[in-house]
Amino acid sequence: GEDVEQSLFLSVREGDSSVINCTYTDSSSTYLYWYKQEPGAGLQLLTYIFSNMDMKQDQRLTVLLNKKDKHLSLRIADTQTGDSAIYFCAESDGDKLSFGAGTTVTVRA
Amino acid sequence: SQTIHQWPATLVQPVGSPLSLECTVEGTSNPNLYWYRQAAGRGLQLLFYSVGIGQISSEVPQNLSASRPQDRQFILSSKKLLLSDSGFYLCACTRGATNTEAFFGQGTRLTVV
C-alpha cells in the first residue's frame, strides 16, 4: 500500500474548524509535514512536526501526532475561504520524502 | 534559501523518443534531491530520490531513470517514452539531515503523443 494515506475530500462551512487526517506506515519517520497547494500554484510548507512531539500549534493551525497509531492530523480553526486548497501530508526518515494523495478542502459560505 | 531550476516548463514528445529533464539547485550544498510525478487524485508520486552524487533510489518500477552527476544536479531520463509517461513532473530538494522543508521546482508538463 501507499506510504502515506489521507482522505481525498473535505467540505467545511466558513468559520468552522477543519480537521484533515493522515496515516503513515514508516516507523522510522523523523519529520511529518503539512503542505498546502492553492489552484495553479506550487506546494507551500504550512507546518512540520518532529516525531518526538505530540502537538504543535501555530496561530490557527494545530498539528497532532499519535506516533503509536502513526496518525497525523491538521486542525484549521475558523476556516476561511482562502483556506480552500489541497492539503498534503508528508513524512520523511531524513532521506526519503513521501507525500499523500492530498485532501481537497472546500470552504462553503 | 534554496532555489530550484527545472526545465523545460512544457514538453511534447513523440512515443519512442528519449527524454531528459534537468533540475539544478542553488543555495545549498549536499541536498537530498527528489523527482515526483503529480497526477490528479494521486498526489505526488515519488519516483526517485538521491542523498548524494551517484546515489539513486527508485521507488516505482517504470520506464524512467534518474542520475545525479553533480551535487546539485538531478536528471530524469527515458530511452523510449511511452504514452503513459505523460504527466506533470516536479523536482524537489531538502537540506539532507535537517530537511525541515522541501523546495520545489516549477514543474515540467510532459505530453507524449
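Each protein sequence line maps, in turn, to chains B and H.
Numbered as in my numbering, the first sequence ends at 657 without a single skipped number.
Numbered as in my numbering, the second sequence ends at 148 without a single skipped number.
Built from N, CA and C at the ideal position, the CB exists for glycine as well.
query = Skipping 5 residues on each side, what residues in its chain have a beta carbon closer than 8 Å to that of residue 67/H?
reply = The residue given as residue 67/H occupies position 32 in the second sequence. Same-chain partners within the cutoff: 84, 85, 86, 128, 129, 130, 131 and 134.
request  = Give the straight-line distance between the Cα atoms of residue 71/H and residue 585/B, rounded to the nearest whole angstrom.
outcome  = Taking the first residue of the second sequence as position 1, residue 71/H is located at position 36. Taking the first residue of the first sequence as position 1, residue 585/B is located at position 37. One C-alpha to the other measures close to 15 Å.
ask   = So, residue 629/B versus residue 653/B, is the Cβ gap smaller than 8 Å?
value = Along the first sequence, one-based indexing puts residue 629/B at 81. Along the first sequence, one-based indexing puts residue 653/B at 105. Their beta carbons are not under 8 Å apart, which means residue 629/B does not touch residue 653/B by this criterion.
inquiry  = Taking the alpha carbon of residue 554/B as the reference point, which residue from 564/B, 560/B, 569/B and 565/B has its own alpha carbon closest?
reply    = For the purposes of this step, residue 554/B is taken as the residue at position 6 of the first sequence. Between residue 554/B and the set 564/B, 560/B, 569/B and 565/B, the nearest pair of CA atoms involves 569/B.
inquiry  = Taking 8 Å as the threshold (beta carbon to beta carbon), is residue 643/B in contact with chain H?
reply    = Your numbering for residue 643/B matches position 95 in the first sequence. With 8 Å as the cut-off, residue 643/B counts as an interface residue toward chain H.
key: Straight-line gap, residue 643/B to residue 112/H (C-alpha atoms, nearest Å)   = For the purposes of this step, residue 643/B is taken as residue 95 along the first sequence, with counting starting at 1. For the purposes of this step, residue 112/H is taken as residue 77 along the second sequence, with counting starting at 1. Cα-Cα distance, rounded: 22 Å.
ask   = Exposed or buried, what is residue 105/H when buried is set at 16 or more other beta-carbons lying within 10 Å of its beta-carbon?
value = Along the second sequence, read from residue 1 onward, the residue named residue 105/H stands at position 70. Classification of residue 105/H: exposed, given that the 10 Å Cβ count is below 16.
ask   = Taking C-beta to C-beta, are residue 58/H and residue 80/H nearer than 8 Å?
value = Counting from one through the second sequence, the residue named residue 58/H turns up at place 23. Counting from one through the second sequence, the residue named residue 80/H turns up at place 45. No, Cβ-Cβ distance for residue 58/H and residue 80/H is not below 8 Å.
key: Backbone CA spacing between residue 124/H and residue 592/B [nearest angstrom]   = On the second sequence, position 89 is the one that residue 124/H refers to. On the first sequence, position 44 is the one that residue 592/B refers to. Going by C-alpha positions, residue 124/H is about 17 Å away from residue 592/B.
query = Which residues of chain H have a Cβ atom closer than 9 Å to the Cβ of residue 590/B, listed in chain order?
reply = Position 42 of the first sequence, counted from the first residue, corresponds to residue 590/B. Going along chain H in sequence order, the residues near residue 590/B (Cβ under 9 Å) are 125, 139, 140, 141 and 142.
request  = Compare the Cα-Cα distances from residue 611/B to each of 634/B, 589/B and 582/B and report the closest residue.
outcome  = As a working note, residue 611/B is residue 63 in the first sequence. The shortest C-alpha separation from residue 611/B is found at 582/B.
ask   = Based on the DSSP output, what are the partners of residue 603/B in its beta bridges?
value = Position 55 of the first sequence, counted from the first residue, corresponds to residue 603/B. Residue 603/B is bridged to 612/B.
query = Distance, Cα to Cα, residue 74/H vs residue 141/H?
reply = Position 39 of the second sequence, counted from the start, is the residue given in the question as residue 74/H. Position 106 of the second sequence, counted from the start, is the residue given in the question as residue 141/H. Going from the Cα of residue 74/H to the Cα of residue 141/H covers about 15 Å.
query = Between which two residues does the beta strand (DSSP E) harbouring residue 39/H extend?
reply = Here residue 39/H is taken as the residue at index 4 of the second sequence, counted from 1. Segment 38-42, the beta strand (DSSP E) holding residue 39/H.
inquiry  = Please classify residue 115/H as buried or exposed, where buried requires at least 16 neighbouring CB atoms within 10 angstroms.
reply    = By 1-based counting over the second sequence, the position of residue 115/H is 80. With fewer than 16 Cβ atoms within 10 Å of its Cβ, residue 115/H is classed as exposed.
ask   = Could you give the distance in angstroms between the alpha-carbon of residue 64/H and the alpha-carbon of residue 107/H?
value = On the second sequence, residue 64/H is found 29 positions in, with the first residue counted as 1. On the second sequence, residue 107/H is found 72 positions in, with the first residue counted as 1. Spanning the two alpha carbons is a distance of roughly 7 Å.
task = Compute the distance between the beta-carbons of residue 118/H and residue 50/H, then report whether it is under 8 Å.
result = Sequence index remark: in the second sequence, residue 118/H carries index 83 (1-based). Sequence index remark: in the second sequence, residue 50/H carries index 15 (1-based). Contact: yes.
message = In whole angstroms, give me the CA-to-CA distance for residue 45/H and residue 590/B.
response = Against the second sequence, residue 45/H aligns to sequence position 10. Against the first sequence, residue 590/B aligns to sequence position 42. So the alpha carbons of these two residues sit roughly 16 Å apart.
query = Would you say residue 566/B and residue 558/B are within 8 Å of each other, going by their C-beta atoms?
reply = To locate residue 566/B, count along the first sequence from 1; it is residue 18. To locate residue 558/B, count along the first sequence from 1; it is residue 10. At a Cβ-Cβ threshold of 8 Å, residue 566/B and residue 558/B count as neighbours.
key: Amino acids of chain H, ordered along the chain, whose beta-carbon sits closer than 9 Å to that of residue 557/B   = For the purposes of this step, residue 557/B is taken as residue 9 along the first sequence, with counting starting at 1. Taking the beta carbon of residue 557/B as reference, no residue of chain H falls within 9 Å; the closest one sits roughly 10 Å away.
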